[in-house]
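Asker: Please find one structure pasted underneath; my questions will follow.
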Amino acid sequence: MNKVRFLEKAVEEERLARAALMVELEEERAASASAADEAMAMILRLQADKASLEMEGKQYERMIEEKFAYDEEEMNILKEILFKREREKHFLEKELETYRQSDDDRDDAGDREPIVYDVHVIEDDKNSKMKHDGTAVLKERENDDQMKQMEDVLKDHDSSPSPSS
Numbered sequence: 001m002n003k004v005r006f007l008e009k010a011v012e013e014e015r016l017a018r019a020a021l022m023v024e025l026e027e028e029r030a031a032s033a034s035a036a037d038e039a040m041a042m043i044l045r046l047q048a049d050k051a052s053l054e055m056e057g058k059q060y061e062r063m064i065e066e067k068f069a070y071d072e073e074e075m076n077i078l079k080e081i082l083f084k085r086e087r088e089k090h091f092l093e094k095e096l097e098t099y100r101q102s103d104d105d106r107d108d109a110g111d112r113e114p115i116v117y118d119v120h121v122i123e124d125d126k127n128s129k130m131k132h133d134g135t136a137v138l139k140e141r142e143n144d145d146q147m148k149q150m151e152d153v154l155k156d157h158d159s160s161p162s163p164s165s
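Start counting the sequence shown at 1; every next residue gets the next number (the UniProt record's numbering).
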């Protein structure tokens, strides 16, 4: 009977040792699962951060492209305004010259009535035209030549590389 008790005791110790090992194994499995869950959570968080940063980068890129396009459009509008003002200045200078000439002619002619040239600038969508009331064809050609020169200067200015590039 001693042997039976001894074997029962040995079996019981083996059972307790086996139960302790099973508990330890379950604890290791739980720790391993927890670590895997944490790693997956970190991977998912990093992927979400990466996606967010990529989206933000694309938004900034689009915003910069839109700003560049807007600035370019504004620059073209300002160039057009500058060109129109230069052209208007040119016409006003010509008109002033005409008035000065007529004033000089009046001083030279004495009692003769002065000739006044009326120059109007009429804008249309594509080109600006000049209407003359009583001006000579030669003056019109001179003005056209000067306008072409101004346009050539503007084209040369537009095609030259800018210092900021």
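A virtual CB, placed ideally from N, CA and C, is assigned to each residue, including glycine.
#1: Do you know how far the Cα of residue 53 is from the Cα of residue 93?
#2: Answer with buried or exposed for residue 87, where buried requires no fewer than 16 other C-beta atoms within 10 angstroms of its C-beta.
#3: Does DSSP put residue 42 in a helix, a strand or coil?
#4: Whole alpha helix (DSSP H) runs in the UniProt domain "GTD-binding" (2-100) with 4 or more residues, listed along the chain?
#5: Note down the Cα distance separating residue 6 from residue 20, rounded to an integer number of angstroms.
Answerer: Taking the coordinates as given:
#1: 58 Å
#2: buried
#3: Note: residue 42 maps to helix in three-state DSSP.
#4: None, since the UniProt domain "GTD-binding" (2-100) contains no complete alpha helix (DSSP H) of that length.
#5: Their Cα atoms are separated by approximately 21 Å.
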